Amino acid sequence: MLQPLHGIFPIDKRIAGIHSIPITDDGLIVMVWDKNEKALTTVGGRIENDEDIHTALDRETIEEAGIILESLRIPIASWYWESTDTYTIFVMARVKKYTKIPEGFETTGMVRMNFETARQIVFKMEGEGLRTELLALAEQVYLKFFE
1 MLQPLHGIFP
11 IDKRIAGIHS
21 IPITDDGLIV
31 MVWDKNEKAL
41 TTVGGRIEND
51 EDIHTALDRE
61 TIEEAGIILE
71 SLRIPIASWY
81 WESTDTYTIF
91 VMARVKKYTK
101 IPEGFETTGM
111 VRMNFETARQ
121 IVFKMEGEGL
131 RTELLALAEQ
141 VYLKFFE
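Each residue of the sequence shown is one higher than the one before, counting from 1 in my numbering.
Spelled out as structure tokens, the structure:
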């Protein structure tokens, strides 16, 4: 179940995954096409053993989207995984700059769009669910902190 975080990282359980919804200077969001899942998704993945949250997010955003994020990351939601008793955290951050996407990872590149387009595409592909809920939360955070 997706839970709003209101800008605070949870500390009650281990964080095993970190994802972002990057914001461009012109107010668009960035998502990526996952070639294995065949879905438009957020940028991110698992935190490796030797990484902290921010190092993992930096690595994932370069691997999946060719993006370097600003250092301010606002936690917007968590997803609890009962099977592992861990969280995946979703944050928003501004895009600092673009770089080359390395080859061999699960995405085919980034897609920049406004919130309405993202909601329509995700809803058309998979109906109401985690990603549509996440986009609704992200738009609220965007209007409060980024606009």
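Idealized CB from N, CA, C, for every residue including glycine.
From a predicted model like this one, the values you see are computed outputs, not experimental measurements.
For residue i, the three-state DSSP class (helix, strand or coil)
| i | result |
| --- | --- |
| Asp34 | strand |
| Phe146 | helix |
| Met92 | strand |
| His97 | Sequence inspection shows Lys at residue 97; the His mentioned does not correspond to that position. Lys97 falls in the strand class under three-state DSSP. |
| Arg59 | helix |
| Arg112 | strand |
| Leu40 | strand |
| His6 | coil |
| Arg73 | coil |
| Ile29 | strand |
| Thr24 | coil |
Cβ pair residue i, residue j closer than 8 Å
| i | j | result |
| --- | --- | --- |
| Gly27 | Pro75 | no |
| Ala93 | Leu72 | yes |
| Trp79 | Leu130 | yes |
| Val122 | Pro22 | no |
| Thr99 | Gly66 | yes |
| Asp85 | Lys13 | yes |
| Val91 | Glu64 | no |
Classification of residue i by the beta-carbon crowding that lies within 10 angstroms, buried from 16 upward
| i | result |
| --- | --- |
| Asp50 | exposed |
| Ile62 | buried |
| Thr88 | buried |
| Glu60 | buried |
| Glu116 | exposed |
| Gly127 | exposed |
| Ile11 | exposed |
| Glu147 | exposed |
| Ser83 | exposed |
| Met110 | buried |
Cβ separation of residue i and residue j, assumed to be a contact under 8 Å, to the nearest whole Å
| i | j | result |
| --- | --- | --- |
| Thr42 | Leu134 | 7 Å |
| Ile68 | Ile47 | Their Cβ separation, rounded to whole angstroms, is 18 Å, which puts Ile68 and Ile47 out of contact at 8 Å. |
**OP:** Say whether the region 103 to 112 touches the region 124 to 141, bearing in mind that this needs 3 or more beta-carbon pairs closer than 8 Å, one atom from each stretch.
**Re:** no
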